[in-house]
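Colleague: Chains as they are written, first to last, in the working numbering: chain C, 1 to 329; chain X, 1001 to 1329. Submitted below is the structure of interest, expressed as structure tokens.
Number of protein chains: 2
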Amino acid sequence: MTSNPEFELADLAPQSKGFAQVTVGPRPGGGSWQLPILYATGEVRSPILVVTAGVHGNEMEGIQAIPRVFQQLDPHHMRGTLIMVPVSNVPAFETHTRNSPVDERNLARVFPGSTTGTLTERIADVMYRQLIRHADFYIDLHSGGPQSDIPTLVGYIHEDTPAGQQSLEGAKAFGTSVIWGHPPPVPPGRTISVAHAAGIPCLYTETPGGGRAGRETITVYAQGILNIMSMLQMRPVPCPVKQPTHHLWGDGNLDYLIAAQSAGLFESETELLADVQAGQRLGCVRDVYGREQSEVVSPRDGVLLLLRHTPTVMVGEGLAFVTGRFVAT
Amino acid sequence: MTSNPEFELADLAPQSKGFAQVTVGPRPGGGSWQLPILYATGEVRSPILVVTAGVHGNEMEGIQAIPRVFQQLDPHHMRGTLIMVPVSNVPAFETHTRNSPVDERNLARVFPGSTTGTLTERIADVMYRQLIRHADFYIDLHSGGPQSDIPTLVGYIHEDTPAGQQSLEGAKAFGTSVIWGHPPPVPPGRTISVAHAAGIPCLYTETPGGGRAGRETITVYAQGILNIMSMLQMRPVPCPVKQPTHHLWGDGNLDYLIAAQSAGLFESETELLADVQAGQRLGCVRDVYGREQSEVVSPRDGVLLLLRHTPTVMVGEGLAFVTGRFVAT
């Protein structure tokens, strides 16, 4: 990577776009770890939209959507400031892994990070202090990664506050068919945990995994960022109005999935977004001879939201997740 | 995995099917590494068809096709002996990796193996001595794995010998639209290197990767095994006659791909099986900012046969492969 100017929000010239970086710390073999930044500014400084991708190093969709948006931006036809980080977790990106190979930490569990901690904590600290906390709206682009399939969706914190209302508005504006509202409390350590705590409207996205970004998803993510810019009146283009087909509801904590009760090969028998009942069989785990060893059963009524992509499973590993439907009260 | 009887080819009862294992060596934490085996025998002992999958631990298609075939077999309506290994490289299967986590070796590069070597060499030795060398026909099921996309195809050694002719016949009988003939010499260390050296007709298969077995591919592989059984008159069902749409030709050594001349994200611009010319641009590598760093260019006229699936690339990593078309002489 060629060298880029060190990023300083206060120093950005109006009506400009460019490449920058934030230096996070030294690499043992020489050189340094950097946070790559793409920015574009209009004539007016506000609002500030911050978009991050690659918090997990093997979730490629947002990583490839961000440069696409950057190419389309004209600083002479926009308001406010757009700051995008295509790859937040550079160490994990380089090894195409979810967690950092440097300290084995999950960047999405260490926010707000630490100025004196391990590399992953320092990345979180830089992201929060130099970028996220200045945002008027924040988007974090995730995906299923190589191991999970999940529908393309926008998740948001659902609460009756000004930030909550703008998060819901953003979830609808982004443009996916599925949106997923989470009641507080927000589990700790995520990017959106700290954005929410700071009162910043925010959302995150998911999309089917497989370790590669499909062209269709890249387009959906790129258009979603442009739609949020429209919603924030950063672009002179109205935001398309589209009602989601699925408004889901529940705890968004995917750390707790339906777990394998044996080891071998997971075989799902149910499609994503299917309505399922408590006790319903969703699939099974077979041994390497093809003999069924255990059933996978839904613990609740709801909608099937996540399926393990990789068939190979250890006992106790996560296979599926069922959430609820939003019911307006 | 529950315990299974130790496999001994000479001891198999006629008209039976069942589960067996070959013990390869002890595990450091207790228990042992085993080669799982599914077998079925008809009234007559010959011919012997050996099928292996999971030589690379993250190539799931064959692993899931083999139990499918096993379920369909009726020992009272078959001739000969079918021996199938659903997972050849159990250590790599358990970590969902190409190579073994135990000794970091590639099982497809160490054949014929060694009785006194590392675990991977011992697996190769057991596979060759106890299974492959007894075969009248041998099939090794591979796939692109998580990192590569390749069309569903059958590869075979093309030479004017009785074994070569039966290999070509098998390549056509298996039923894929694409077959790929390789002129000798065969690169060393593969399963088919040792089968070829022993004069055993053989073929291998490839199919698009992604780390998960698609239902369609599982069906193609399962039907392919049944078709080869038909060709060998092991089943009382005629082999469907289907002409391949693409008969490709060339060195099948995918250890040498068109390599990335920079690092970042690979973006392909050409579809698999496209005709390409020497010097034609196939795609590019961009840095994390989306800036093009290097072109990916075809070194020859031919057919695009392989594309890297994972966008993240190191400098020098393989991105694509172009092969030739078979021209009858």
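Glycine included, C-beta positions come from ideal geometry on N, C-alpha and C.
Could you work out which residues of chain X lie near C/Leu38, taking near to mean beta carbons separated by less than 7 Å?
Modeller: What C/Leu38 touches in chain X: Tyr1289.
Colleague: Comparing C-alpha positions only, which one of X/Glu1269, X/Leu1035, X/Pro1067, X/His1077 sits nearest to X/Val1297?
Modeller: When each option's Cα is compared against that of X/Val1297, the closest is X/Glu1269.
Colleague: From X/Gln1223 to C/Phe19, what distance separates their C-alpha atoms?
Modeller: Distance between the alpha carbons of X/Gln1223 and C/Phe19: 53 Å.
Colleague: Less than 8 Å between the C-beta atoms of C/Ala108 and C/Gly189, yes or no?
Modeller: Cβ atoms of C/Ala108 and C/Gly189: closer than 8 Å.
Colleague: Counting pairs of Cβ atoms below 8 Å between the stretch 293 to 310 of chain C and the stretch 132 to 150 of chain C, do you hit three or more?
Modeller: Yes, the stretch 293 to 310 of chain C is in contact with the stretch 132 to 150 of chain C.
Colleague: Within 10 Å of its beta-carbon, does C/Ser16 have 16 or more other beta-carbons around it, so buried, or fewer, so exposed?
Modeller: C/Ser16 should be labelled exposed.
Colleague: Please classify X/Arg1287 as buried or exposed, where buried requires at least 16 neighbouring CB atoms within 10 angstroms.
Modeller: Per the sequence presented here, residue 1287 of chain X reads as Asp, with Arg not at that position. By the 10 Å Cβ count, X/Asp1287 comes out buried.
Colleague: With distances taken between CB atoms, is the gap from C/Pro67 to C/Thr41 smaller than 8 Å?
Modeller: Contact: no.
Colleague: Less than 8 Å between the CB atoms is what I'm expecting for C/Gly57 and C/Gly144, so what's the real figure, rounded?
Modeller: About 14 Å; that fails the 8 Å criterion.
Colleague: Please return the same chain residues whose Cβ sits closer than 8 Å to the Cβ of C/Leu12, not counting the five positions on each side in sequence.
Modeller: Hits under 8 Å: Tyr39, Thr41, Thr81.
Colleague: Just verifying my parser: in three-state terms, what is the DSSP assignment at X/Ser1193?
Modeller: Helix.
Colleague: Give the secondary structure of C/Met1 by DSSP, where H, G and I count as helix, E and B as strand, and everything else as coil.
Modeller: Residue confidence for C/Met1 is low, a pLDDT of 44 falling below 50, so the modelled location carries little weight; the figure read from the coordinates is stated next. Of the three classes helix, strand and coil, the one that applies to C/Met1 here is coil, per DSSP.
Colleague: Does DSSP put C/Thr116 in a helix, a strand or coil?
Modeller: Looking at C/Thr116 - three-state DSSP - the assignment turns out to be coil, as it is neither helix nor strand.
Colleague: Using a C-beta to C-beta distance shorter than 8 Å, which residues of chain C count as neighbours of X/Met1127?
Modeller: Here the premise fails: no neighbours, minimum Cβ distance about 15 Å.
Colleague: In whole angstroms, what separates the C-alpha of C/Pro112 from that of C/Tyr128?
Modeller: Distance between the alpha carbons of C/Pro112 and C/Tyr128: 6 Å.
Colleague: Does the stretch 241 to 253 of chain C touch the stretch 162 to 182 of chain C, meaning 3 or more C-beta pairs lie closer than 8 Å?
Modeller: Judged by Cβ distances under 8 Å, the stretch 162 to 182 of chain C makes contact with the stretch 241 to 253 of chain C, as three or more pairs qualify.
Colleague: Tell me the residue span of the beta strand (DSSP E) that contains X/Ser1167.
Modeller: No beta strand (DSSP E) contains X/Ser1167, which is instead part of the alpha helix (DSSP H) from 1162 to 1174.
Colleague: Helix, strand or coil for C/Gly145, going by three-state DSSP, please let me know.
Modeller: Reduced to three states, the DSSP call for C/Gly145 is helix.
Colleague: In the DSSP assignment, what residue or residues form a beta bridge with X/Ser1032?
Modeller: Per DSSP, X/Pro1026.
Colleague: Distance check for C/Val102 and X/Leu1319, CA to CA, integer angstroms please.
Modeller: Rounded to the nearest angstrom, the two C-alpha atoms are 26 Å apart.
Colleague: Just to confirm, are C/Asn89 and C/Val51 a CB contact at a threshold of 8 Å?
Modeller: No, the Cβ-Cβ distance between C/Asn89 and C/Val51 is not below 8 Å.
Colleague: Hey, how far is the Cα of X/Glu1206 from the Cα of X/Val1220?
Modeller: Whole-angstrom Cα-Cα distance: 11 Å.
Colleague: Quick one: Cα of X/Phe1321 to Cα of C/Thr95, how far?
Modeller: Cα to Cα, X/Phe1321 sits roughly 23 Å from C/Thr95.
Colleague: Given this structure, state the Cα-to-Cα distance separating X/Leu1153 from X/Met1078, to the nearest angstrom.
Modeller: Cα to Cα, X/Leu1153 sits roughly 27 Å from X/Met1078.
Colleague: Over the uninterrupted beta strand (DSSP E) stretch that includes X/Gln1337, give me the two end residues.
Modeller: Nothing about residue 1337 of chain X can be read from this structure; chain X reaches only from 1001 to 1329.
Colleague: Please determine if the stretch 227 to 234 of chain C and the stretch 159 to 173 of chain C are in contact, where contact requires at least 3 C-beta pairs separated by less than 8 Å.
Modeller: Yes: the two stretches touch, three or more of their Cβ pairs being nearer than 8 Å.
Colleague: Strictly below 9 Å CB to CB, what residues from chain X border C/Thr152?
Modeller: What C/Thr152 touches in chain X: nothing, since even the nearest Cβ is about 17 Å away.
Colleague: Taking 8 Å as the cut-off, decide whether the C-beta atoms of C/Leu35 and C/Val44 are in contact.
Modeller: Cβ distance not < 8 Å, so C/Leu35 and C/Val44 don't count as in contact.
Colleague: At a CB-CB cut-off below 9 Å, which residues of chain X make contact with C/Ala320?
Modeller: Simply none; closest approach about 14 Å.
Colleague: Does DSSP classify C/Met84 as helix, strand or coil?
Modeller: Looking at C/Met84 - three-state DSSP - the assignment turns out to be strand.
Colleague: If we ignore side chains and look at the alpha-carbon of each, how far apart do X/Cys1239 and X/Gly1062 end up?
Modeller: Computed Cα separation, rounded: 20 Å.
Colleague: Could you spell out where the beta strand (DSSP E) holding X/Phe1321 opens and where it closes?
Modeller: Here the beta strand (DSSP E) through X/Phe1321 covers 1318 to 1325.
Colleague: My output table needs one value for X/Asp1074: the three-state DSSP class, helix, strand or coil.
Modeller: Coil.
Colleague: Compute the distance between the beta-carbons of C/Ser100 and C/Thr120, then report whether it is under 8 Å.
Modeller: Yes. Within cutoff.
Colleague: Taking the alpha-carbon positions, what's the X/Met1001 to X/Glu1159 distance?
Modeller: Reliability of the predicted coordinates at X/Met1001 is poor, the pLDDT of 44 falling under 50, and no value is obtained from them.
Colleague: Quick one: grab the DSSP three-state call for X/Tyr1289.
Modeller: It is coil, neither helix nor strand.
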